[in-house]
Amino acid sequence: GIVPQQSFTVSVEASSLFGCGSVFSDTVSVTVALPMLPGVIEAEASEICAQEDMTFEVVELPVGGFGQFELQWWQQSVDGSFVASEDENGETYTATADSINMHVFLEAQNECGTVITDSIEVQVNPLPSQPSLIGDVSPCLSSTDQGYVISSGWWLGLSYEWAVEGGEISSG
135 GIVPQQSFTV SVEASSLFGC GSVFSDTVSV TVALPMLPGV IEAEASEICA QEDMTFEVVE
195 LPVGGFGQFE LQWWQQSVDG SFVASEDENG ETYTATADSI NMHVFLEAQN ECGTVITDSI
255 EVQVNPLPSQ PSLIGDVSPC LSSTDQGYVI SSGWWLGLSY EWAVEGGEIS SG
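According to the working numbering, the stretch in the sequence shown is residues 135 to 306, in order.
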């Protein structure tokens, strides 16, 4: 068979084994598709807070092959698998951030095959969790060195502002 590297023409000559002449087929022009390239996507920001929306868009459309591309957006789910978008398959895709970093890529398919863009990662920053306080809730009047600490939420990279009504903060 022929392995096409570029567009070409083909014809066939049929000759009689008995010396009775020959005939030619019609010449057929064969157009070879350009190599398929996946295009480029980008996110509107490199990081986002959990539960916020992020929009991704095609900045370079896929090229090559024959026919119009059908686009399919894919996003990594919490369990690590990639899930296809059900309703947004155009040149933009908007998704709501979960609690993990977002990983999104675009699949483009036409009659010559399928190409996939590089995956984009968007850092998802967690929302603050409600801190819990530990300390004496029944101190004696004028007692000193009442200590209170945060028992949860402190590891999330948060800053804190302490408020005391009816007393004063001496340190911390």
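Glycine included, each C-beta is placed from N, C-alpha and C at the ideal position.
So residue i and residue j are supposed to be a Cβ contact under 8 Å. How far apart are they, rounded?
{"i": "alanine 242", "j": "glycine 173", "result": "6 Å"}
{"i": "valine 144", "j": "valine 162", "result": "5 Å"}
{"i": "cysteine 246", "j": "phenylalanine 200", "result": "6 Å"}
Report all residues from its chain with a CB closer than 6 Å to the CB of residue i; omit the five preceding and five following residues, and keep chain order.
{"i": "glutamine 139", "result": "none"}
Can you tell me whether DSSP reads residue i as helix, strand or coil?
{"i": "cysteine 183", "result": "strand"}
{"i": "alanine 297", "result": "coil"}
{"i": "valine 164", "result": "strand"}
{"i": "leucine 292", "result": "coil"}
{"i": "isoleucine 268", "result": "strand"}
{"i": "valine 212", "result": "coil"}
{"i": "isoleucine 336", "result": "What is shown of the chain runs 135 to 306, which leaves residue 336 out entirely."}
{"i": "isoleucine 280", "result": "The residue asked about is misnamed: residue 280 is glutamine in this sequence, not isoleucine. It is coil, neither helix nor strand."}
{"i": "serine 149", "result": "strand"}
Going by beta carbon distance, what residues of the same chain come within less than 7 Å of residue i, once the five residues before and after it are set aside?
{"i": "glutamate 191", "result": "Ile175, Glu176, Glu225 and Thr226"}
{"i": "leucine 171", "result": "Pro196, Val197, Gly198 and Val249"}
DSSP puts residue i in a beta bridge; with which residues?
{"i": "asparagine 259", "result": "Cys183"}
{"i": "glutamine 206", "result": "Glu241"}
Closer than 7 Å, CB to CB, is residue i near chain D or not?
{"i": "valine 164", "result": "Within the model displayed, chain D is absent; a lone protein chain is all it includes."}
Leaving out five residues before and five after residue i in sequence, what residues of the same chain have Cβ atoms less than 8 Å from its Cβ?
{"i": "valine 238", "result": "Ile175, Ala177, Phe190, Trp207, Trp208, Gln209, Gln210, Tyr227, Ala229, Ser253, Ile254 and Val256"}
{"i": "glutamate 194", "result": "Gly173 and Val174"}
{"i": "valine 146", "result": "Phe158 and Ser159"}
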